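Chemist:
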Amino acid sequence: MLSLTVALAVSLTIGAPGVAWSQDPLSPGVRRAVERAGEAEVVVALRSVAARGLRARTSAIAEERDRVLRSLPGGAFRPTQTWEAVPGMRGIVTAAGLDALAGHPDVVAVSLPGFGTAHLAESVPLIGANTVHTGGNTGAGTEVAVID
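Start counting the sequence shown at 169; every next residue gets the next number (the numbering used here).
(1) Apart from the five residues on each side of it in sequence, which residues of its chain come closer than 8 Å, Cβ to Cβ, to L280?
(2) Would D274 and L214 be called neighbours here (beta carbons separated by less than 8 Å)?
(3) Need the endpoints of the alpha helix (DSSP H) that I229 sits in, please.
(4) Below 8 Å between beta carbons: does that hold for V261 and A277?
(5) Report the residue from G307, H272, A297, H301 whose alpha carbon sits nearest the alpha carbon of R233.
(6) List the DSSP bridge partners of I260.
(7) Let me know if P241 comes out buried or exposed under the rule of 16 or more other beta-carbons within 10 Å of its beta-carbon.
(8) From what residue to what residue does the beta strand (DSSP E) around V276 run?
(9) With a 10 Å radius around its C-beta and 16 neighbouring C-beta atoms as the bar for buried, classify I315 as buried or exposed.
(10) What does DSSP give as the partner residues of L194 in its beta bridges?
This is how it looks when you write it as structure tokens:
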């Protein structure tokens, strides 16, 4: 489930082709984490691919990911997780790898893995969950991931 959550977060971070990105793809705290420990686990979001059909999309994503990995200095980034249909990857990066990723045109974001905080006190009434629960539908046995 954690893998799916990270993949969804990457895909939502990436957005659509043609979106203007900031000059610096590094999220706050990434460089500091690498400087502190010599390396850090990061999630790398790659430029969104415009390919029609799942087979074409997965092929384009693999090509883009491989192109980025080949451009990095040896040992600068060790992938720990990749996704077929999401243009991104997770891995351990060094300072040299971080600099190379930050300057690569196919990299749109490099961030520390992390998750937001749920605020059920506000969201449950907003979506009318109490009304649904009163009707007998509690969602028991159902797993849902919501990324807001």
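Every residue gets a Cβ at the ideal spot worked out from N, C-alpha and C, and that includes glycine. Here the structure is a predicted model, which is why all the values come from computation and not from measurement.
Modeler: The answer reads as follows:
(1) As a position in the sequence shown, residue 280 is number 112, starting the count at 1. Closer than 8 Å at Cβ, skipping near neighbours: S195, G197, V198, A201, A208, E209, V210, V211.
(2) Here residue 274 refers to the residue found at position 106 of the sequence shown. Here residue 214 refers to the residue found at position 46 of the sequence shown. Closer than 8 Å, so yes.
(3) Position 61 of the sequence shown, counting from 1, holds the residue named residue 229. 222 to 239 is the extent of the alpha helix (DSSP H) around I229.
(4) Indexing the sequence shown from 1 puts residue 261 at position 93. Indexing the sequence shown from 1 puts residue 277 at position 109. Contact flag unset, no.
(5) On the sequence shown, residue 233 is found 65 positions in, with the first residue counted as 1. Closest by alpha carbon: H272.
(6) In the sequence shown, counting from the first residue as 1, residue 260 sits at position 92. I260 is bridged to E209, R246.
(7) Residue numbering aside, residue 241 sits at position 73 when the sequence shown is read from its first letter. It counts as exposed.
(8) Translated into positions along the sequence shown, residue 276 becomes position 108. Per DSSP, V276 belongs to the beta strand (DSSP E) from 275 to 279.
(9) Residue numbering aside, residue 315 sits at position 147 when the sequence shown is read from its first letter. Burial call: exposed.
(10) Numbered from its first residue, the sequence shown carries residue 194 at position 26. L194 pairs with V278.
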